[in-house]
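Counting in our numbering, the sequence shown tops out at residue 897, every number present. Quick reminder that beta carbons are idealized off the backbone N, C-alpha and C, glycines included. Quantities reported herein were computed from a predicted structural model and do not represent experimental measurements.
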Amino acid sequence: MREIEMILRTMLLLVLLVMAPAAKAHSPLVATMPADGAVLAAAPDSLQLTFKGIARLARLSLARDGADIPLDMDHLMQKATQHNVPLPALADGRYKVRWRALSADGHVIKGTFAFTVGN
């Protein structure tokens, strides 16, 4: 009986040790510039996405009134906690950013944020 109890405790400890690094490896988005919901007097020169840990930006899109705006894709799949993406000249309007990234443990993380240029 004691052997079974010892085996179960050992297995539980191993499971906890294996799962702990995986839980720590997720890299959620912690900040954007412009911030979600920001109203800007002038158009930004770049987008900035900051993650809690290392992440590879796998996809990024910017749209105004449903129309996609071409972006420089040189930044994709680079390992970083902060990704800076240059923007073309933007007209006044509401913009929506969609992003998808891979955290250090390979999990996909994704989200959206929006900002407005002008009144």
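My output table needs one value for A882: the three-state DSSP class, helix, strand or coil. coil
Check whether the region 829 to 845 touches the region 861 to 870, counting contact only when three or more Cβ pairs, one atom from each stretch, lie closer than 8 Å. yes
By the 10 Å Cβ neighbour count, where 16 or more other Cβ atoms means buried, how is V808 classified, buried or exposed? exposed
Let me check understanding here. Comparing Cα to Cα, which of A845, R780 and T828 lies closest to R872? A845
Taking just the CA atoms, how far does R780 sit from K830? 43 Å
Would you mind giving the Cβ-Cβ distance between L840 and V875, rounded to the nearest angstrom? I have them listed as a contact below 8 Å. 5 Å
Just confirm the distance between the C-beta atoms of A819 and F893, as a whole number of angstroms; I'd bet it's less than 8 Å. At roughly 12 Å, the Cβ-Cβ gap does not stay under 8 Å, so A819 and F893 are not in contact.
Taking N862 as part of the beta strand (DSSP E), name the residues at either end of that continuous run. K857 to P864
Please name the residue, chosen from I847, L880, D843 and A869, that lies closest to L854 on a Cα-to-Cα basis. L880
Assign P812 to buried or exposed, taking buried as 16 or more other Cβ atoms, counted over all protein chains shown, within 10 Å of its Cβ. buried
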